[in-house]
Each structure stands twice: as structure tokens, then as C-alpha cells.
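Engineer: One structure is given below, represented as C-alpha cells, and several questions about it will come after.
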Amino acid sequence: MLGKTVVGQWPELEPFQPIVWMISHALAIAMLIVGGQVFWRANLVLALILVVQVVVFIGGSAPSVNFSAYAGGPEHYFQGSASDWVATQPRGSAPSVNFSAYAGGPEHYFQGSASDWVATLPAAMWLYAGIESINTLSNDVDNPRGAIPKGQMSAMTTVFLSSVGIYIIAIGLPPGIDALPSTRVIFNGGYRTLFNLSDTHTTLLSIPASFSSTPGFLFASGNILSAMAESKLFPRALCRRHVTFGTPIYALLVTSAMSFGLCFGEMYALDAARVFYHSSMFFGTAAYTAQCVGYVFLKKRYKNIPRTFRSPLGVAGAGVAICVFTLCALSILVFQDAQTGTSKAAMMVVLAVLSMYYHLFAKSRQTISDDEQKLLFFAHVAKHNNSKKRNRMTPRKRLLQTAVKVLMLGGRSPPTAAATSATTTTRRASIATAVTAFRNLPNRPAIPDASPGTKPPPTGSNANPTLRC
Numbered sequence: 001m002l003g004k005t006v007v008g009q010w011p012e013l014e015p016f017q018p019i020v021w022m023i024s025h026a027l028a029i030a031m032l033i034v035g036g037q038v039f040w041r042a043n044l045v046l047a048l049i050l051v052v053q054v055v056v057f058i059g060g061s062a063p064s065v066n067f068s069a070y071a072g073g074p075e076h077y078f079q080g081s082a083s084d085w086v087a088t089q090p091r092g093s094a095p096s097v098n099f100s101a102y103a104g105g106p107e108h109y110f111q112g113s114a115s116d117w118v119a120t121l122p123a124a125m126w127l128y129a130g131i132e133s134i135n136t137l138s139n140d141v142d143n144p145r146g147a148i149p150k151g152q153m154s155a156m157t158t159v160f161l162s163s164v165g166i167y168i169i170a171i172g173l174p175p176g177i178d179a180l181p182s183t184r185v186i187f188n189g190g191y192r193t194l195f196n197l198s199d200t201h202t203t204l205l206s207i208p209a210s211f212s213s214t215p216g217f218l219f220a221s222g223n224i225l226s227a228m229a230e231s232k233l234f235p236r237a238l239c240r241r242h243v244t245f246g247t248p249i250y251a252l253l254v255t256s257a258m259s260f261g262l263c264f265g266e267m268y269a270l271d272a273a274r275v276f277y278h279s280s281m282f283f284g285t286a287a288y289t290a291q292c293v294g295y296v297f298l299k300k301r302y303k304n305i306p307r308t309f310r311s312p313l314g315v316a317g318a319g320v321a322i323c324v325f326t327l328c329a330l331s332i333l334v335f336q337d338a339q340t341g342t343s344k345a346a347m348m349v350v351l352a353v354l355s356m357y358y359h360l361f362a363k364s365r366q367t368i369s370d371d372e373q374k375l376l377f378f379a380h381v382a383k384h385n386n387s388k389k390r391n392r393m394t395p396r397k398r399l400l401q402t403a404v405k406v407l408m409l410g411g412r413s414p415p416t417a418a419a420t421s422a423t424t425t426t427r428r429a430s431i432a433t434a435v436t437a438f439r440n441l442p443n444r445p446a447i448p449d450a451s452p453g454t455k456p457p458p459t460g461s462n463a464n465p466t467l468r469c
């Protein structure tokens, strides 16, 4: 993204894009390898810069917003005009709503059509991509069970409010709502009006935002790769940590090298950017859906697991999220333009390669890491308690079990507890009689008396290891 921003504003720098990628990846990997306070303070500075830019853009550009000039004006609020709508209302009665007559019908519910709205839905999901990577910070925070959910909620709220504010302000600024989808840096319209700067200088203000995603995604992917290596899904060397800094250096280097290599693919293949975007968003929807399904499973199956944070929307919110992510996946597979054949082929190839790798190599070596055992301990305890509850015999179950036994015995009643006890006593007496008779036999083999609680002496080939055949 950083290279596109720079080259889009200064086309003469296009041959030097690899240098821009190298600098950004070198800075990011240096921050990640050192880690600790250096990494978190650098992220804090980047976050403050981005928040200040958003606040300045919204607050400073609000007085210059002109919806009439750039957002279509009041004639786009209604089909016709507001005065025409008022004039058509019956006098002396409440206004009657008729979207077909006054709002242009269903074709005016969306800008474009419903299928166009579904096609653009993954772009809205892209705003929130990366927030789920906060889950990978369990080893970097003091109280992950309490801090991580609150951090995710704060991040989602911040992104939602800032995106809504940016949208409302941006459609009322130049270059206008029609040209906004093709604008690379949407802050330029506000900054030009606010600071009287050229596009070249306003683009420089967006470089921190373009760079900030690089260390964030590399950090999350490095943690995930290291965790998978601990479970032996990948070579164990990838989970080794730096001797001094304690960071997963090899996993970070591998993910950084892969990211750097994909930049060349995007530079030399015309359709690479589209393929990368569709593939990442499709697999992202699969991961998000799996997380929601896991939440519902744990919520329903293991209700007694101690939780320090409870979702305000609960299972219903997870159900809505599953529907949204499923719709996004269908959008990527079905509702995109006709040039997505390469993206679909790439996704199928990735799925096939990873499936073959797992079944032929990783599945037989996979283990549960120490961290996973700690995380799943409460689930195992809850599962054990639930199994005990299920096996506990209730009066209704006893009655049902008795009825089944009667049917199996051909209508005869099953033996009562007294009869069962008498049968057991008779069997014990018969065994005692047989043992006594055996002891009185002439030339019987010696059978030592074993006191209760002691093990009998070994017999057979294990009695004397030197006599084994």
C-alpha cells in the first residue's frame, strides 16, 4: 500500500518501488525483532498520528462540506424534490409512505443495485480486518482474558465511528461522491481545503497510515506461524525465539520475506492485486466464521467455563456475524465482475496445496502445545463435568431403562435389587466351595494365600526373567 501511494503521486519513482518496500519492511522487522517497549511505543506513536489525522480531517473539513456541490444536492434525497413530496400528501391526514410512487421504487434503494451492494460488501469488511489479530497477543499482555476482549471492543468502536465520520465528510468535499471510489487518498480533498496544500504535500501526510499496517500484519502472522510451529504443523525451528529479545525471530523473518515477495508479484502481474485481495478476504471470512462457530459451541456446550468478559450480543450477535461473513464469501465467489476467474483459481490452488500438506505431512506430526493445553484445560474440565451430569441417572431415565429391559426380557420384569443381591451371594458361595474342594485335592499345586490388598506372585514366563523362551 505504501508503494502504491508513493508511486501514484510520483510516477517517476515507479522503478524504485522495491526500495520503498525494502525500507518499510526493514523498519517493520526491526521493530518486531526488538519488540518490547520499542515496538509498543512505536505503535502508540503511529496510532496517535492516525487518530490526530482523522480528528483534524473531520473537524477541520466540516465547515467546508458542501453536499449540494459534491454529494448531489437535495434533489438526490428524494425522487423529485422535497416540495413535490409534501405537495402530494393528502391534506388533513397523516403522510402516507409510498416508496414506489415517491422514492423511485426498489431500484432506488441502493446506489446501483442490490447485487452491486453485495459486491462492495467485502470492501466494508476490509475496514475491520486485523482487529482479530489482537487475539495473538496473549503472551504480550498481563491479563489477556480481560485486556484482549476490551481492546477488540475499543478498536471496533474506534474504527466504526471514524469510518462513519470520514464517509459523511468525504462525500461533501472535492472531488465529489462520483469520483470518490477511484480516489487513492480520500483525505486529500479535506487537507487541500484546510491547509491550502497541493496533492503532493497532502499525500505525504498519509504515508504513516500506509505504513502502519505493515508491522501490524507481520506481527500477527509471525505469532500465528510460531504457534503453529509449536504444534508441529510447521518445522519446529520457526518457533525458536531470539536469545536476547525473546521474539519469534525466524517466524517473523519468514512472514516478512513472503510479504516482500508478494510485492513483486503485484508489481509485475496486472491482476495480482485483485487476486491477493479476493484471496485474503475469502480466507478471512472463513477464519471469522470459524471463530464465531467456536464461540457458539463453547457458549452452548461449556456454560460453566469462567469468563472475565461476556459479549453484550451473545450468541445472537455471533449468528448475525456468521450471516454477514457468509454473505461476504458469496460476494467474493459470485457477485464480483467477470475478471475474478484468476482469483478463484488461486484460492482453489491454495486450498488444494494446504490440504495436501496437512494430510500428507502435518497431520501425523501434529501435537497440542503447552499454551494450547493451558487454554483448553477449562474446556476439558467442563466437558468432564458435563459428561458426569449426562451419565447421572434421573427418575425418568430409570423408568425408561426399566421399560427397555422389560421389552428385551419378553415381558418379564427385570430382577429386583433383592434378587440381584441373592444371586450375587449364591455365586460367591459357589466359588468358595469350589476353592475349598480344590484345596483338598491330593497332589494339588501349591497356591499361597494372599492377604487382601497384596499382589499375587508372578506366574508364567514373567515369573523368572532368566527362564523366558
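By the count of full-length UniProt numbering, the sequence shown reaches residue 469 at its end, each step adding exactly one.
The beta carbon of each residue, even a glycine, is placed where N, CA and C say it ideally should be.
Note that the structure is predicted; figures quoted are calculated from it, not measured.
#1: On the CB-based measure, 16 or more other CB atoms within 10 Å of its CB, does Thr244 come out buried or exposed?
#2: Hey, would you say Leu204 sits closer than 7 angstroms to Gly60, going by beta carbons?
#3: Using alpha carbons as the reference points, say which of His201, Leu252, Gln152 lies closest to Ala28.
#4: By Cβ distance, which residues of its chain are closer than 7 angstroms to Ser343, with the 5 residues on each side in sequence left out?
#5: Does the count of Cβ pairs from the region 308 to 324 and the region 350 to 362 closer than 8 angstroms reach three?
#6: Looking at the secondary structure, which residues open and close the alpha helix (DSSP H) in which Leu173 lies?
#7: If you run the structure through DSSP and keep just helix, strand and coil, what is Lys363?
#8: By the 10 Å Cβ neighbour count, where 16 or more other Cβ atoms means buried, how is Ile19 classified, buried or exposed?
#9: Residues in its own chain within less than 8 angstroms of Ala47 by CB, not counting five upstream and five downstream?
#10: Quick check on the burial criterion: 16 or more other C-beta atoms within 10 angstroms. Buried or exposed for Ile23?
#11: Helix, strand or coil for Tyr201? Go by DSSP, reduced to three states.
#12: Measuring only the C-alpha atoms, how far is Phe325 from Trp126?
#13: According to DSSP, is His242 helix, strand or coil?
#14: Do three or more CB pairs link the region 218 to 225 to the region 132 to 147 at distances below 8 angstroms?
#15: Evaluate Gly314 with the Cβ neighbour count: other Cβ atoms within 10 Å of its Cβ, from every protein chain shown; 16 or more gives buried, anything less gives exposed.
#16: If we ignore side chains and look at the alpha-carbon of each, how far apart do Ala229 and Arg365 end up?
#17: Would Ile368 be called buried (16 or more neighbouring beta carbons within 10 Å of its own) or exposed?
#18: Just to confirm before moving on: does the CB-CB distance between Val296 and Ala318 stay below 7 angstroms?
#19: Would you check if there are 3 or more beta carbon pairs closer than 8 angstroms linking the region 142 to 149 to the region 159 to 167?
#20: Can you tell me which of the three DSSP states Asn66 falls into?
#21: Would you say the region 117 to 124 touches the region 327 to 335, given that touching needs at least three Cβ pairs under 8 angstroms?
#22: Look at the alpha carbon of Leu360 and the alpha carbon of Phe283, and state the distance between them as a whole number of angstroms.
#23: Relative to the C-alpha of Ser68, which candidate in Ile177, Ala114, Lys150 has its C-alpha closest?
#24: Shortest alpha-carbon distance to residue 470 belongs to which of Pro215, Ser113, Arg236?
#25: For Ala155, which residues from the same chain have a beta carbon less than 8 angstroms from its beta carbon, with the 5 sequence-adjacent residues on both sides left out?
#26: With C-beta atoms as the reference, is Phe57 less than 7 angstroms away from Phe187?
#27: Around the C-beta of Thr200, are 16 or more other C-beta atoms found within 10 angstroms, so that it is buried, or is it exposed?
#28: Compute the Euclidean distance between the alpha carbons of Val65 and Ile49, then round it to the nearest angstrom.
#29: Taking the alpha helix (DSSP H) that Gln336 falls in, what are its first and last residues?
#30: Can you grab the Cα-Cα spacing for the pair Cys328 / Ala62, in whole Å?
#31: Could you tell me if Trp21 is buried or exposed, where buried requires 16 or more neighbouring beta carbons within 10 angstroms of its beta carbon?
#32: Considering only residues of the same chain and omitting the five flanking positions on each side of Thr202, which have a CB-CB separation below 8 angstroms?
#33: Considering only residues of the same chain and omitting the five flanking positions on each side of Ala237, which have a CB-CB separation below 7 angstroms?
Structural biologist: The short version:
#1: Translated into the one-based positions of the sequence shown, residue 244 becomes position 244. By the neighbour-count rule (16 or more Cβ atoms within 10 Å), Thr244 is not buried but exposed.
#2: One-based indexing of the sequence shown puts residue 204 at position 204. One-based indexing of the sequence shown puts residue 60 at position 60. No, these two residues do not count as a Cβ contact at 7 angstroms.
#3: Residue mapping note: residue 28 aligns to position 28 of the sequence shown, counting from 1. Minimum Cα distance to Ala28 is reached at Leu252.
#4: Working through the sequence shown from its first residue, we reach residue 343 at position 343. The answer, listed in chain order, is Arg274, Val275, His278, Ser279.
#5: no
#6: Your numbering for residue 173 matches position 173 in the sequence shown. Here Leu173 belongs to no alpha helix (DSSP H), and DSSP marks it neither H nor E.
#7: Here the question's residue 363 lines up with position 363 in the sequence shown. DSSP places Lys363 in coil when its eight states are reduced to three.
#8: For this step, residue 19 is matched to residue 19 along the sequence shown. Burial call: exposed.
#9: For the purposes of this step, residue 47 is taken as the residue at position 47 of the sequence shown. So the list reads Ser212, once near-sequence residues are dropped.
#10: Taking the sequence shown and counting its residues from 1, the one referred to as residue 23 is at position 23. Exposed, since its Cβ has fewer than 16 Cβ neighbours within 10 Å.
#11: Against the sequence shown, residue 201 aligns to sequence position 201. Note that residue 201 corresponds to His in the displayed sequence, not to Tyr. If DSSP states are grouped into helix, strand and coil, His201 belongs with the helices.
#12: Counted from its first residue, the sequence shown places residue 325 at position 325. Counted from its first residue, the sequence shown places residue 126 at position 126. Between the alpha carbons of Phe325 and Trp126 lies a distance of about 12 angstroms.
#13: Here residue 242 refers to the residue found at position 242 of the sequence shown. Here His242 sits in coil by DSSP.
#14: yes
#15: Translated into the one-based positions of the sequence shown, residue 314 becomes position 314. Looking at its Cβ environment, which holds fewer than 16 other Cβ atoms inside 10 Å, Gly314 is exposed.
#16: By one-based count along the sequence shown, residue 229 stands at place 229. By one-based count along the sequence shown, residue 365 stands at place 365. The alpha-carbon atoms of Ala229 and Arg365 are separated by roughly 11 angstroms.
#17: Stepping through the sequence shown from its first residue, residue 368 is reached at position 368. Exposed is the call here.
#18: Walking along the sequence shown from the start, residue 296 turns up at place 296. Walking along the sequence shown from the start, residue 318 turns up at place 318. Cβ atoms of Val296 and Ala318: closer than 7 angstroms.
#19: The answer is no - the region 159 to 167 does not touch the region 142 to 149, with fewer than three Cβ pairs under 8 angstroms.
#20: Here the question's residue 66 lines up with position 66 in the sequence shown. The answer is coil: DSSP assigns Asn66 none of H, G, I, E or B.
#21: yes
#22: For the purposes of this step, residue 360 is identified with residue 360 of the sequence shown, where counting begins at 1. For the purposes of this step, residue 283 is identified with residue 283 of the sequence shown, where counting begins at 1. Answer to the nearest angstrom: the Cα atoms are 22 angstroms apart.
#23: As a working mapping, residue 68 is identified with position 68 in the sequence shown. Checked all of Ile177, Ala114, Lys150; the closest Cα to Ser68 is Ile177.
#24: Residue coverage of the chain in this structure runs from 1 to 469, which leaves residue 470 outside it and unanswerable.
#25: Mapped onto the sequence shown, residue 155 falls at position 155. Ile131, Ile134, listed in sequence order.
#26: On the sequence shown, residue 57 is found 57 positions in, with the first residue counted as 1. On the sequence shown, residue 187 is found 187 positions in, with the first residue counted as 1. It is a contact, given that the beta carbons lie within the stated cut-off.
#27: For the purposes of this step, residue 200 is taken as residue 200 along the sequence shown, with counting starting at 1. Counting Cβ neighbours within 10 Å, Thr200 comes out exposed, since fewer than 16 surround it.
#28: Within the sequence shown, numbered from 1, the residue matching residue 65 stands at position 65. Within the sequence shown, numbered from 1, the residue matching residue 49 stands at position 49. Roughly 23 angstroms separates the two Cα atoms.
#29: Here the question's residue 336 lines up with position 336 in the sequence shown. Per DSSP, Gln336 lies in no alpha helix (DSSP H) segment and is marked neither H nor E.
#30: The count along the sequence shown starts at 1 and reaches residue 328 at position 328. The count along the sequence shown starts at 1 and reaches residue 62 at position 62. Each residue's alpha carbon lies about 32 angstroms from the other.
#31: In the sequence shown, counting from the first residue as 1, residue 21 sits at position 21. Here Trp21 is buried: its Cβ has 16 or more other Cβ atoms, across all protein chains shown, within 10 Å.
#32: Translated into positions along the sequence shown, residue 202 becomes position 202. Cβ neighbours of Thr202 beyond the five flanking positions: Val185, Phe187, Asn188, Tyr191, Arg192, Phe195.
#33: What you label residue 237 is simply residue 237 of the sequence shown in a count that begins at 1. Only Tyr250 meet the Cβ criterion.
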